[in-house]
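With the first letter of the sequence shown counted as 1, position 78 gets the number 78 in our numbering; the numbers rise by one all the way through. Backbone N, C-alpha and C define an ideal beta-carbon position, used for all residues, glycine too. Step one of this worksheet: look at the structure below.
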Amino acid sequence: MECKLCELLRKARESYGITATELARRLGIGRSEITRYEHGKRQISFKALVEIAEVLQANEHLFINAWLQNYLLIHGFDKYTVNLTKEESHDQPTK
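Here it is in structure tokens:
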């Protein structure tokens, strides 16, 4: 299964200019945990996702949308449902 969230996490970390080791240190977790997230070997919790977005000063909405799409696919929703959810998220007004 394609993991857009995994790719987004890795790209955001690299764009911010820190290593997986440094991100893990700032989050108080092991480096292997970050590696597992970035390679799709471990599901990331919503709480961890928000914490990572804050550390990387990344757009939380992009992270949350990717997390939700992954969650729906993992839990058996079809791609049509996931795409519909994605389209609906674009209809929401921004703050």
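- A12 carries a helical assignment under DSSP once its states are collapsed to helix, strand and coil.
- Counting along the chain, no alpha helix (DSSP H) covers Q43, and no H or E run does either.
- For the 8 angstroms CB-CB criterion, N70 and L5 form a contact.
- N65: member of the alpha helix (DSSP H) spanning 60-74, first to last residue.
- T21 sits in a helix when the DSSP states are folded into three classes.
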